[in-house]
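Chains as they are written, first to last, in our numbering: chain E, 744 to 823; chain P, 744 to 823; chain W, 9 to 147; chain S, 9 to 147.
Beta carbons are placed, not taken as given, at the ideal position from N, Cα and C, and that holds for glycine.
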C-alpha cells in the first residue's frame with residue numbers, strides 16, 4: 744500500500760519535501776515503517792529522536808498502519 | 744523616655760488609634776517593650792504573632808529602643 | 009539589579025509590571041497574579057481592605073528581591089502590591105520575574121510570593137455580609 | 009473545564025491569554041511567558057522560525073491541559089503558541105493557569121511548559137549570522 748507521510752522541521756529538510764510517499768506491505772507496523780524510512784533517509788536515524796505519529800497521536804512500535812492513515816515523521820520537538 | 748508606636752491592622756483596632764505612646768526607661772529592649780504593651784493591651788498577646796519593628800526593620804528581642812526610633816507593632820501579616 | 013517595586017492605592021496594571029521585566033536576554037518570564045476571591049471557606053466575600061506600613065513594606069519587598077537575585081540568575085524582578093479597598097476579581101499583587109532560563113524565573117517568583125506573605129507588613133481585612141475579619145490575626 | 013488553546017502566526021497577546029483564566033473564584037494566576045532570547049550559548053540569535061504540525065500540536069496541548077485538570081484543582085487553563093518568524097524579544101508561548109490557591113497554579117503552569125517542550129509537535133530553528141540550526145535535533 745502507498746502511505747503519504749508528512750514531514751516537519753529537520754525531517755522535512757532531510758526528506759526534501761513537506762510530504763513523501765512510502766510503499767509498504769499491508770499490516771506494516773510503525774516500527775517497520777520507521778526502519779523503512781531510516782534506510783531510505785539515513786540521516787533520520789542520526790536525530791536525537793525520531794518518532795512517528797499516526798492520525799495525530801504518537802505511535803507505539805506495534806501500531807498498525809492502515810491505508811488512508813495520516814502518518815507523520817516527528818523529529819525532536821523544540822517548541823516553547 | 745516617651746516612645747511613639749505606630750499600629751496597623753488589628754493592632755490599630757486593639758490599641759484604639761493609629762499610634763500610641765509608651766513611657767519606658769532608657770535602655771529598654773524590644774522584648775521589654777512588648778511585655779509592657781501586652782500588659783496595657785492584653786489582646787495583643789492573643790494574636791497569632793506580635794512583633795515589633797524598629798526603624799522599619801523587624802526587631803530581635805534584644806534590640807535596644809532609643810529616643811526618636813520609629814517603633815511599630817506588627818500583627819500577623821496577610822498581604823498577597 | 010533590575011528591580012521594580014510599587015505600592016499603590018489605585019488599580020494595578022499587569023502589562024506594565026510585565027513590561028518592566030521584559031528583556032532581549034531573557035527567555036522566560038514567570039508572573040504571579042493574586043486576585044480577590046469571591047469566597048473564603050464557603051463564606052461570600054464582599055470586598056477586601058488592604059493596609060500597609062508603607063515604608064517598611066517597600067523595604068521588605070526590596071529584601072525579597074535582593075535575596076532572589078542572590079539565589080537565582082535573574083534578569084529582572086518586579087513586585088506591585090495594591091492597598092485600599094478591593095472588589096472581588098481585582099488584582100491585589102503582581103510579581104513578574106525574568107531570567108535566561110525558566111527554572112530560575114519559576115523558583116524566584118514562587119519564593120517571592122511565599123516570602124511576601126510571611127514578612128511584608130501588609131494586612132488584609134475580609135469583609136463578609138455579616139462581619140469582617142483581619143486575615144491570619146488569630147491562631 | 010475552562011480550557012483555551014491557540015496556535016497563531018500573528019503576535020500573541022499576553023493580556024487576552026490572562027483574561028481567559030480570570031475568574032471571581034480564583035485567588036491565584038500563574039503565567040509563563042517564553043520570549044525569544046538574543047543569544048544561545050554565546051552566539052547572537054537573529055530570529056527564530058517556528059513550525060508546527062498544527063492539528064496534532066493542538067491535540068497534544070489539549071492532552072496537557074486535561075492532565076493538568078486531573079492532577080490539580082484548577083479554575084482555568086490557557087496556552088497560546090506562536091508559529092512563523094519571530095524577532096528577538098517576541099513572545100513564543102504564553103501559559104496562564106488559575107486556581108483557588110496558588111500552589112496548584114504554579115505547579116500546573118510549570119508542568120504545562122515542561123511537558124509542552126517534550127511532547128508538542130512544534131519545531132524551532134535558530135537563525136544566526138553565520139547559519140541556522142533546528143534546536144534539539146541532534147544529540
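What do you reckon, are the CB atoms on residue i and residue j nearer than 8 angstroms?
i             : j             : result
residue 29/W  : residue 37/W  : yes
residue 776/P : residue 795/P : yes
residue 745/P : residue 762/P : no
residue 773/E : residue 803/E : yes
residue 68/W  : residue 127/W : yes
residue 60/W  : residue 823/P : no
residue 82/S  : residue 106/S : yes
residue 147/S : residue 817/E : no
residue 104/S : residue 39/S  : yes
residue 35/W  : residue 90/W  : no
residue 141/W : residue 57/W  : no
residue 5/S   : residue 23/W  : Residue 5/S cannot be examined here, being either before or after the span of chain S that is shown, 9 to 147.
residue 819/E : residue 144/S : yes
residue 119/S : residue 76/S  : yes
residue 80/W  : residue 112/W : yes
Could you give the residue range of the beta strand (DSSP E) that holds residue i?
i             : result
residue 69/S  : Unbroken run through residue 69/S is the alpha helix (DSSP H), 62 to 79; no beta strand (DSSP E).
residue 43/W  : 36 to 43
residue 115/S : First-last for residue 115/S: 110 to 127, but that is the alpha helix (DSSP H), not the beta strand (DSSP E).
residue 106/S : 99 to 107
residue 765/E : 762 to 766
residue 811/P : Careful: residue 811/P lies outside any beta strand (DSSP E) and carries neither H nor E.
residue 134/W : 130 to 136
So the alpha helix (DSSP H) residue i belongs to, where does it begin and stop?
i             : result
residue 780/E : 773 to 783
residue 755/E : 752 to 758
Show which residues of chain P have a CB atom less than 9 angstroms away from the CB atom of residue i.
i             : result
residue 100/W : 822, 823
Which bits of chain S does residue i rub up against, with CB to CB less than 7 angstroms?
i             : result
residue 34/W  : 43, 45
residue 112/W : Neighbours of residue 112/W on chain S: none; closest Cβ ~12 angstroms, over 7 angstroms.
At a CB-CB cut-off below 8 angstroms, which residues of chain S make contact with residue i?
i             : result
residue 753/E : 131, 142, 145
Any idea what DSSP makes of residue i, helix, strand or coil?
i             : result
residue 24/W  : helix
residue 822/E : coil
residue 144/W : coil
residue 790/E : coil
residue 29/S  : helix
residue 4/W   : The structure shown does not extend to residue 4/W, since chain W spans only 9 to 147, so no value can be given for it.
residue 770/E : coil
residue 49/W  : coil
residue 802/P : coil
residue 87/S  : strand
residue 93/W  : strand
residue 59/S  : strand
Starting from residue i, find everything on chain E with Cβ-Cβ shorter than 7 angstroms and list it in chain order.
i            : result
residue 89/S : 822
residue 75/S : Neighbours of residue 75/S on chain E: none; closest Cβ ~14 angstroms, over 7 angstroms.
residue 16/S : Within chain E, no residue comes near residue 16/S; the closest Cβ sits about 13 angstroms away, beyond 7 angstroms.
residue 93/S : Those within 7 angstroms of residue 93/S in chain E number zero; the least Cβ separation is about 15 angstroms.
Does any CB atom of chain W fall closer than 8 angstroms to the CB of residue i?
i             : result
residue 749/P : yes
residue 815/P : yes
residue 39/S  : yes
residue 819/P : yes
residue 72/S  : no
Given that residue i touches chain W, what residues does it touch there, using C-beta distances under 8 angstroms?
i             : result
residue 30/S  : 43, 97
residue 108/S : 45
residue 23/S  : 22, 23
Please confirm if residue i has its CB atom under 8 angstroms from at least one CB of chain P.
i            : result
residue 63/W : yes
residue 59/W : yes
Would a check of beta-carbon distances place residue i closer than 8 angstroms to chain E?
i             : result
residue 135/S : no
residue 124/S : yes
residue 128/S : yes
Chain E partners of residue i, CB-CB under 9 angstroms?
i             : result
residue 121/S : 823
Is there a Cβ from chain S that is less than 8 angstroms from the Cβ of residue i?
i             : result
residue 79/W  : no
residue 118/W : yes
residue 787/E : no
Who are the neighbours of residue i on chain E, taking C-beta pairs under 8 angstroms?
i            : result
residue 67/S : 799, 800
How about residue i: is its Cβ closer than 7 angstroms to a heavy atom in the ligand MG?
i             : result
residue 804/E : As far as ligands go, the structure on display features none, and thus does not contain the ligand MG.
Using a Cβ cut-off of 7 angstroms, pull out every chain W residue sitting near residue i, in sequence order please.
i             : result
residue 790/P : 145, 146
Taking residue i as the query, report the chain S residues whose CB atoms sit under 9 angstroms from its CB, ordered along the chain.
i             : result
residue 781/E : Those within 9 angstroms of residue 781/E in chain S number zero; the least Cβ separation is about 15 angstroms.
Name the chain W residues whose beta carbon is nearer than 9 angstroms to that of residue i?
i             : result
residue 796/P : 61, 64, 129
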